[in-house]
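Data first, discussion second: the structure below is written as structure tokens.
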Amino acid sequence: RPRIAVFASGLGSNFQALVDAFQAEPARYGCDIMLLICDKPQANVVKRAEAAGVPAACFTPKAYSSREQYEKDVLLKLREERIDWIVLAGYMRLITPVLLSAYGGRMLNIHPSLLPAFPGLNAVKQAFDYGVRVTGVTVHLVDEGMDTGAILAQRVVFVEEQDTEEMLAARIHAAEHELYPAAVADVVAGKLSPSRA
Ligand code: GAR
4 RPRIAVFASG LGSNFQALVD AFQAEPARYG CDIMLLICDK PQANVVKRAE
54 AAGVPAACFT PKAYSSREQY EKDVLLKLRE ERIDWIVLAG YMRLITPVLL
104 SAYGGRMLNI HPSLLPAFPG LNAVKQAFDY GVRVTGVTVH LVDEGMDTGA
154 ILAQRVVFVE EQDTEEMLAA RIHAAEHELY PAAVADVVAG KLSPSRA
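So the UniProt record's numbering is basically just the index in the sequence shown, starting at one, shifted up by 3.
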């Protein structure tokens, strides 16, 4: 079965959704989360990994002379664990050619907007403040840019008249937690690829 490493930096609600789905129905999802890679040793996601029985490897980017050196160490760990696919879930760093040359085409990300609208940080706030009536979530392949890779799957979330930013964020996160496990499984199984090369 394909072996997945999830990369995360923060709260880890998407990590949790992936682990819960894959552990509850291993036959349906067809791949296993074998490792969490975290760039913030204090992040809540590390506690979630411990609770779920998923090994966590924490790295401190500041301890390295460059992003490339940092990723070389991460890559060693991925090789050691024979990881096949990388799934970014709130991993707030750009990816360099070190990981892209090893995992290009086998690295996914989720972003809380309908890309290419509102890339980068605080996408839900960006969309809410802009006043859009429709937003959503996007799963895409990772390239060197910020939230720029080829799109794999999207889910629409409507902005309601009475919404606060928090209410909208809650529905966006719920949409992420529903979409991501299914999209990851489909991509890994070869059933879902970008609509445009
Ligand atoms: C998620 O909403 C994810 O889409 C977003 O960070 C959040 C992480 O939450 N990612 C990006 O904005 C990537 N540019 P989580 O730690 O609870 O999964």
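Glycine included, C-beta positions come from ideal geometry on N, C-alpha and C.
Just so we're clear, the structure is a prediction, and the values are computed from it rather than from any experiment.
Considering only Glu84, Leu195 and Gly93, the residue with the shortest C-alpha distance to Leu155 is Leu195. For Asn17, the enclosing alpha helix (DSSP H) has its first and last residue at Ser16 to Ala27. Counting along the chain, Gln157 sits inside the beta strand (DSSP E) bounded by residues Ile154 to Phe161.
In this structure, Val90 keeps its C-beta atom at 8 Å or more from the C-beta atom of Ile175. Assignment of Leu91 by DSSP, reduced to helix, strand and coil, places it in the strand class. Shown here for Val101: same chain residues with a beta carbon closer than 7 Å to its own, the five before and five after excluded, namely Glu71, Glu74, Lys75 and Leu78 in chain order.
Assignment of alpha helix (DSSP H) within the segment 55–130, counting only whole runs of 4 or more residues, yields 70–83 and 100–106 in chain order. Contact fails between the segment 126–143 and the segment 40–47, because fewer than three Cβ pairs, one in each stretch, are under 8 Å apart. With a cut-off of 7 Å, the C-beta of Phe10 is classified as distant from ligand 1, since no heavy atom of the ligand falls inside that distance. Here Ala46 carries a coil assignment [DSSP, helix/strand/coil]. With respect to the C-alpha of Glu181, the residue from Lys80, Glu53, Val160 and Val135 having the closest C-alpha is Val160. Pairing Asp87 with Arg51 gives a Cβ-Cβ distance that is not under 8 Å. Per DSSP, the continuous beta strand (DSSP E) segment holding Asp35 begins and ends at Asp35 to Cys41. Following the DSSP letters along the chain, one finds Leu182 inside the alpha helix (DSSP H) bounded by residues Glu168 to Val191. A distance criterion of 7 Å places the beta-carbon of Leu14 in contact range of ligand 1, judged by its closest non-hydrogen atom. Comparing C-alpha distances from Ser12 to each of Phe121, Ala105, Asn112 and Gly33 shows the shortest one belongs to Asn112. Going by beta carbons, Val191 and Gly33 fall inside the 8 Å limit. Annotated three-state conformation of Arg4 is coil, per DSSP.
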